[in-house]
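K.L.:
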Amino acid sequence: RWIGIICKHIRDADGKDLGYRCSTRDIGRQKQMEQELRASEARYRVIVDYSHDWEVFRDSDGRLTYSSPAFEPLTGYSKEEYLSGRVTLGDIIHPEDRPEALARFAEVSNGTAINDYECRIITRDGSLRYVNVSSRPVFVDERYAGYRATVRDVTLRRLTEEALRESEIKFRSMFEKSRDAISVAKNGHHVLVNPAYMELFRLKDPGEIVDKTVLHFVDPSSLESVNWRQERRAAGEELPELHEIRYIRSDG
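Each position in the sequence shown, counted from 1, maps to that position plus 8 in the working numbering.
Structural data, given as structure tokens:
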């Protein structure tokens, strides 16, 4: 069991040492709470120190008190450079994003949370990265104590989205300008047709065919052949890509 001891010298009016008085008290619960707190802090430190996300904490005076190790692989700068102030947010945020980003971060000190704000940063070697920032003000006993921010590298996701958009634009251009009749189907129903398809089947509006089955214009004499090919393909068989089918246009 832990006990706390407080001793105080006792002196007479002339200052002569007469001995000392001691008082004791049980501090077992206090020591237990301190141990639990240290264990909790250790667990939290393990989580943030080994997180792929960059974790930051600033106190109520705006002083930077913690920066997780993930800062270095994200930016190329050491966390010591950031903690010492040799490298600042203004140094790494992309110049075009800097005014808005710094204004958003300043709002957190007024108790405003940031949810999934995205901006660009420039790393030490000049590379461009996209980051997602979420930040929350921290209150202790209802008093503002600072804020915690989590910064996540979303570069791969953003580059993938941009590549997908570019691919969609290229596909749309080829799809619209192709002289071949092209239709896109889902679950056996048309969802998209190009101008050449509409011209081939004498359609005036895509709505005339969208949501209708891919067999809508197939001549009855070709249905058996089409169904057979679909069954064989579903079974994994490889069939010649070229296949002649009789169709009936919308005008008969």
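Quick reminder that beta carbons are idealized off the backbone N, C-alpha and C, glycines included.
Rounded to whole angstroms, what is the Cα-Cα separation between R137 and P203?
P.N.:
The alpha-carbon atoms of R137 and P203 are separated by roughly 40 Å.
K.L.:
Measure from the alpha carbon of L82 to the alpha carbon of each residue in E63, Y152, D259 and N195, then state which is nearest.
P.N.:
Of the listed residues, the one whose Cα sits closest to L82 is E63.
K.L.:
Express the C-alpha separation of G93 and L72 in angstroms, rounding to a whole number.
P.N.:
One C-alpha to the other measures close to 9 Å.
K.L.:
If you measure between the beta carbons of V226 and V218, is that distance less than 8 Å?
P.N.:
It is not a contact, given that the beta carbons lie outside the stated cut-off.
K.L.:
Just how far apart, CA to CA, sit R165 and V139?
P.N.:
Distance between the alpha carbons of R165 and V139: 10 Å.
K.L.:
Looking at C-alpha atoms only, which residue of R257, L97 and S75 is the closest neighbour of P6?
P.N.:
Residue 6 lies beyond the range of the chain shown here (9 to 260); nothing can be said about it.
K.L.:
By Cβ distance below 7 Å, which residues in the same chain neighbour R144 in space, the five residues on each side in sequence not counted?
P.N.:
Hits under 7 Å: A121, Y155 and R156.
K.L.:
According to DSSP, which residues form a beta bridge with D67?
P.N.:
Answer is G154.
K.L.:
Classify H198 as buried or exposed, calling it buried when 16 or more other Cβ atoms lie within 10 Å of its own Cβ.
P.N.:
Classification for H198: buried.
K.L.:
Does DSSP put S171 in a helix, a strand or coil?
P.N.:
Contrary to the premise, residue 171 reads as Ala rather than Ser in this sequence. DSSP places A171 in helix when its eight states are reduced to three.
K.L.:
Kindly give me the distance between the Cβ atoms of A78 and H60, rounded to whole angstroms, as I take these residues to be in contact under 8 Å.
P.N.:
Indeed, because the Cβ distance is near 6 Å, the residues count as touching under 8 Å.
K.L.:
Considering only the alpha carbon of each residue, which of F113, K16, I18 and A193 lies closest to V141?
P.N.:
When only C-alpha atoms are compared, the closest one is F113.
K.L.:
Looking only at DSSP bridge pairs, what is P145 linked to?
P.N.:
Bridge partners of P145: Y155.
K.L.:
Are the CB atoms of G98 and T5 within a distance shorter than 8 Å?
P.N.:
Missing from the structure shown is residue 5; the chain here goes from 9 to 260 and no further.
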